[in-house]
Structure formats: structure tokens, C-alpha cells
Amino acid sequence: MSTTTQAPTPASIPKPEVTELTRPYWEALAQGRLMFQRCDCGLAWLPARRECPQCLSDKVRWENATGTGKLVSWVVYHMAYSDAFKDKLPYNVAVVELDEGPRLITNMLGAHEALACDAPVRLAIEVVDGLALARFALA
Ligand SMILES: [Zn+2]
Numbered sequence: 056m057s058t059t060t061q062a063p064t065p066a067s068i069p070k071p072e073v074t075e076l077t078r079p080y081w082e083a084l085a086q087g088r089l090m091f092q093r094c095d096c097g098l099a100w101l102p103a104r105r106e107c108p109q110c111l112s113d114k115v116r117w118e119n120a121t122g123t124g125k126l127v128s129w130v131v132y133h134m135a136y137s138d139a140f141k142d143k144l145p146y147n148v149a150v151v152e153l154d155e156g157p158r159l160i161t162n163m164l165g166a167h168e169a170l171a172c173d174a175p176v177r178l179a180i181e182v183v184d185g186l187a188l189a190r191f192a193l194a
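Heads up, the sequence shown is in our numbering, so the first residue is 56 and it goes up one at a time.
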């Protein structure tokens with residue numbers, strides 16, 4: 056009787072549920088652009104919503120972000136709460152504010168030690184498991 060041992064396959068990252076509402080965001084990232092939503096009242100935001108969180112209008116449009124902004128906050132994880140992240144330890148989860156206003160939860164690329172509040176950042180799209188993700192690097 057022979058046995059075959061196989062190295063454990065790294066778990067894939069949890070995937071977002073792409074809906075009609077969020078499809079423009081994910082398709083833009085796959086094309087190398089970051090998009091956000093804006094209302095006629097001027098407010099801009101992420102993630103996608105059907106109505107403006109300020110005036111509840113449904114006259115919402117998509118706009119391209121410049122990809123620049125600032126680092127608002129971050130944490131560094133030294134423990135993986137999902138097997139998909141075990142080989143990425145330590146990793147960070149950050150809040151970035153785009154120059155256009157929307158904030159998003161993301162990851163900062165590069166050394167954690169270099170991160171600083173209000174540091175200028177730039178978009179650095181990374182493809183992970185076939186999915187284009189909006190990540191950032193210090194500018
Ligand atoms: Zn509005």
C-alpha cells in the first residue's frame with residue numbers, strides 16, 4: 056500500500072460577493088483603476104451603496120479616484136484568525152482616506168515600522184488569487 060503525502064495547500068483568501076451594486080468597483084480594479092461613488096450633493100464614499108448616506112438620494116455616480124490619499128490608522132496582526140492569512144503574518148489592516156474623501160479598509164505594502172498617521176499614500180493594486188485588490192504604499 057502506498058501513501059501519498061501532499062503539502063497542505065494554502066487556503067485562499069476570502070472572496071467578496073460581487074453584486075450588481077459592487078461590480079463597477081471590482082471591474083475597475085481589474086482594469087487598474089480605483090472608483091468610488093459620489094452623490095449630486097457632493098458627498099463621496101466607499102464601499103458602494105444604493106443611496107447617498109448624507110441626503111439619501113439615489114442619484115449616485117461612479118468616479119475614478121486619483122489613487123492618492125493619506126494613512127488614517129492601522130493595526131498589525133501577529134495572529135491569523137483565518138488559515139488564509141497564516142503565511143502572511145505579520146500583516147496590517149489600514150484605513151486610508153482618498154484625496155477625494157472616501158475612506159477604505161485596505162492593507163499597506165512595505166515595512167510596518169515606516170507607517171505614520173497622515174503619511175501620504177498611493178494606490179498599489181495587487182492581484183491575489185485572481186482578484187485585484189486596492190492596496191496602498193507610502194508615497
Ligand atoms: Zn447626497
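Don't be surprised by glycine CBs; every beta carbon is placed ideally from N, CA and C.
- In chain order, 192 and 193 place their CB closer than 8 Å to the CB of residue 165, counting only its own chain and leaving out the 5 sequence neighbours on each side.
- Relative to the non-hydrogen atoms of ligand 1, the Cβ of residue 154 never comes closer than 7 Å to any of them.
- Beta-bridge partners of residue 132 (DSSP): 146.
- Residue 105 holds the alpha-carbon nearest to the alpha-carbon of residue 94 among 105, 88 and 86.
- The three-state secondary structure of residue 105, taken from DSSP, is coil.
- Residue state for residue 70 is assigned as coil, using DSSP reduced to three classes.
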